[in-house]
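Undergrad:
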Amino acid sequence: MLAVAAMLAPVMAAEPISAESFAKLPALSAKRLTGSLTTGYDSNYVGRGLVISHSVAEGDSSELVALKMNYDVGHKQQQWSVDSTIAYRMVSSGHTMYGPAPYAKLNAAAAAYGKPPVASPRNVENEFAVITALKYSGKYGHVSLGHEFVHGGLLGAFAKHFREQSASCVNEVFLETVYEPAKWVEIGHTLRLSFQGVQGWWFEPYVTFKAPIIGTPEHLKLAGLLTFAMSATANYFDEGHHANANGAQAFWIKLSTPYFVNKHFVVTPSVSFNWLGSGAQKAAQASSLREATAMFGMEDPTLVPYRNFAVVAGVNCSYVF
Numbered sequence: 005m006l007a008v009a010a011m012l013a014p015v016m017a018a019e020p021i022s023a024e025s026f027a028k029l030p031a032l033s034a035k036r037l038t039g040s041l042t043t044g045y046d047s048n049y050v051g052r053g054l055v056i057s058h059s060v061a062e063g064d065s066s067e068l069v070a071l072k073m074n075y076d077v078g079h080k081q082q083q084w085s086v087d088s089t090i091a092y093r094m095v096s097s098g099h100t101m102y103g104p105a106p107y108a109k110l111n112a113a114a115a116a117y118g119k120p121p122v123a124s125p126r127n128v129e130n131e132f133a134v135i136t137a138l139k140y141s142g143k144y145g146h147v148s149l150g151h152e153f154v155h156g157g158l159l160g161a162f163a164k165h166f167r168e169q170s171a172s173c174v175n176e177v178f179l180e181t182v183y184e185p186a187k188w189v190e191i192g193h194t195l196r197l198s199f200q201g202v203q204g205w206w207f208e209p210y211v212t213f214k215a216p217i218i219g220t221p222e223h224l225k226l227a228g229l230l231t232f233a234m235s236a237t238a239n240y241f242d243e244g245h246h247a248n249a250n251g252a253q254a255f256w257i258k259l260s261t262p263y264f265v266n267k268h269f270v271v272t273p274s275v276s277f278n279w280l281g282s283g284a285q286k287a288a289q290a291s292s293l294r295e296a297t298a299m300f301g302m303e304d305p306t307l308v309p310y311r312n313f314a315v316v317a318g319v320n321c322s323y324v325f
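Using my numbering, the first residue of the sequence shown is number 5, and each one after it goes up by one.
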């Protein structure tokens, strides 16, 4: 918001806008538009570093398609831009949280004990996200201020099943800062405030080390990126349900090796090692379905929402324009 006000201040200060002033504004041009179209595959469904368990998703892998566009709006090129992303991700094998079989087994046991049925299976919906941001790029990095709308996925499940919202939608505003003190390192952090669906804060710091494997920085063919990252929350989860506790949610180390086929096509295989933080471990310890199976003497320790540790392999194919 402050960045938008700063951009508009010179224009708003001189009303009405003269023809001469209007002529100095950046002209609309296709040359100022860049972007990419990406399709991807991951061996597990991952959200904010949390690897969803096989029990939750009735499977493991997920597919992604994303369109990203950046439009240069400044007088000085490659300084101010409006960035937008539309992404859709789905689970390969199923959508029913923990699958129907455990519920059928538990309901039969409940009937035998004269107890009411266990709640019916909940739905893990495919994820649709729309992200819009205003970005300022400088010599040593960039700053982005934006908004993210998410329907479905992990955040949607938090909103619908743990906050009892009518729809699995979350709205967030975010501030992303990226500092590049050298060509081989990038230090970043994304601060998110969720204000609808779920209310609270997400923190996502990371450090990425970069190096050319084949070629030079000017004529790169294959690169290596090693990222150390984590996610954490504050005032996001309530104590009254079995979702995560606030604090550290996930830690991960990710190795990516983008291969530049030509100036338009990039293929990026990756592998990441993900661990649960102390906040997310609470959800595994207090899983309502796991507790229900224990109540009937048939405890199933696999009925937890996340994997305590997972290796996630993936590949993305991007067309850059």
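Beta carbons are placed, not taken as given, at the ideal position from N, Cα and C, and that holds for glycine.
Which residues in the same chain have their Cβ closer than 6 Å to the Cβ of G201, if we skip the five residues on either side of it in sequence?
TA: Translated into positions along the sequence shown, residue 201 becomes position 197. A163, Q169, C173 and V174, listed in sequence order.
Undergrad: Evaluate the contact criterion for the stretch 67-77 versus the stretch 262-274: three or more CB pairs, one atom per stretch, below 8 Å.
TA: With a cut-off of 8 Å, the stretch 262-274 and the stretch 67-77 do not count as touching, because too few Cβ pairs lie within range.
Undergrad: Using only alpha-carbon positions, find the residue among G145, V147 and E176 that is nearest to V134.
TA: Taking the first residue of the sequence shown as 1, we reach residue 134 at position 130. Closest by alpha carbon: E176.
Undergrad: According to the neighbour-count rule (16 or more other Cβ atoms, all chains shown, within 10 Å of its Cβ), is H223 buried or exposed?
TA: One-based indexing of the sequence shown puts residue 223 at position 219. Its Cβ having fewer than 16 others within 10 Å, H223 is exposed.
Undergrad: Can you give me the start and stop residues for the beta strand (DSSP E) that S85 sits inside?
TA: Counting from one through the sequence shown, the residue named residue 85 turns up at place 81. Run containing S85: W84 to V95, per the beta strand (DSSP E) assignment.
Undergrad: Looking at V77 and V86, is the spacing between their C-beta atoms short of 8 Å?
TA: One-based indexing of the sequence shown puts residue 86 at position 82. One-based indexing of the sequence shown puts residue 77 at position 73. Yes; because the gap between Cβ atoms is below 8 Å, this pair is in contact.
Undergrad: Any idea if T237 is buried or exposed, counting beta-carbon neighbours within 10 angstroms, 16 or more meaning buried?
TA: Taking the first residue of the sequence shown as 1, we reach residue 237 at position 233. With 16 or more Cβ atoms within 10 Å of its Cβ, T237 is classed as buried.
Undergrad: Can you round the beta-carbon distance between P262 and A314 to whole angstroms, since I take them to be within the 8 Å contact cut?
TA: Along the sequence shown, one-based indexing puts residue 262 at 258. Along the sequence shown, one-based indexing puts residue 314 at 310. Wrong, their Cβ atoms sit about 23 Å apart, outside the cutoff.
Undergrad: Between Y323 and A284, is the Cβ-Cβ spacing less than 8 Å?
TA: As a position in the sequence shown, residue 323 is number 319, starting the count at 1. As a position in the sequence shown, residue 284 is number 280, starting the count at 1. Going by C-beta atoms, Y323 is not nearer than 8 Å to A284.
Undergrad: If you run the structure through DSSP and keep just helix, strand and coil, what is N175?
TA: The residue given as residue 175 occupies position 171 in the sequence shown. Strand, per DSSP.
Undergrad: What residue range does the beta strand (DSSP E) around A34 cover?
TA: Stepping through the sequence shown from its first residue, residue 34 is reached at position 30. Element bounds for A34: n/a, residue is neither H nor E.
Undergrad: Pick helix, strand or coil for G111, following the three-state DSSP scheme.
TA: The residue given as residue 111 occupies position 107 in the sequence shown. Correcting the residue identity first, residue 111 is Asn in this sequence and not Gly. It is helical.
Undergrad: With H, G and I counted as helix, E and B as strand and the rest as coil, what does DSSP make of K143?
TA: On the sequence shown, residue 143 is found 139 positions in, with the first residue counted as 1. Coil, per DSSP.
Undergrad: Run through DSSP, which three-state label would H223 get?
TA: Numbered from 1 along the sequence shown, position 219 holds the residue referred to as residue 223. It is coil, neither helix nor strand.
Undergrad: Below 8 Å between beta carbons: does that hold for E180 and T194?
TA: The residue given as residue 180 occupies position 176 in the sequence shown. The residue given as residue 194 occupies position 190 in the sequence shown. Result yes, Cβ atoms of E180 and T194 sit closer than 8 Å.
Undergrad: Would you tell me roughly how many angstroms separate the C-alpha atoms of G150 and T42, rounded to the nearest one?
TA: Within the sequence shown, the letter at position 146 stands for residue 150. Within the sequence shown, the letter at position 38 stands for residue 42. Distance between the alpha carbons of G150 and T42: 21 Å.
Undergrad: In the DSSP assignment, what are the bridge partners of A233?
TA: Counting from one through the sequence shown, the residue named residue 233 turns up at place 229. Looking at the DSSP assignment, A233 forms a beta bridge with Y210 and W256.
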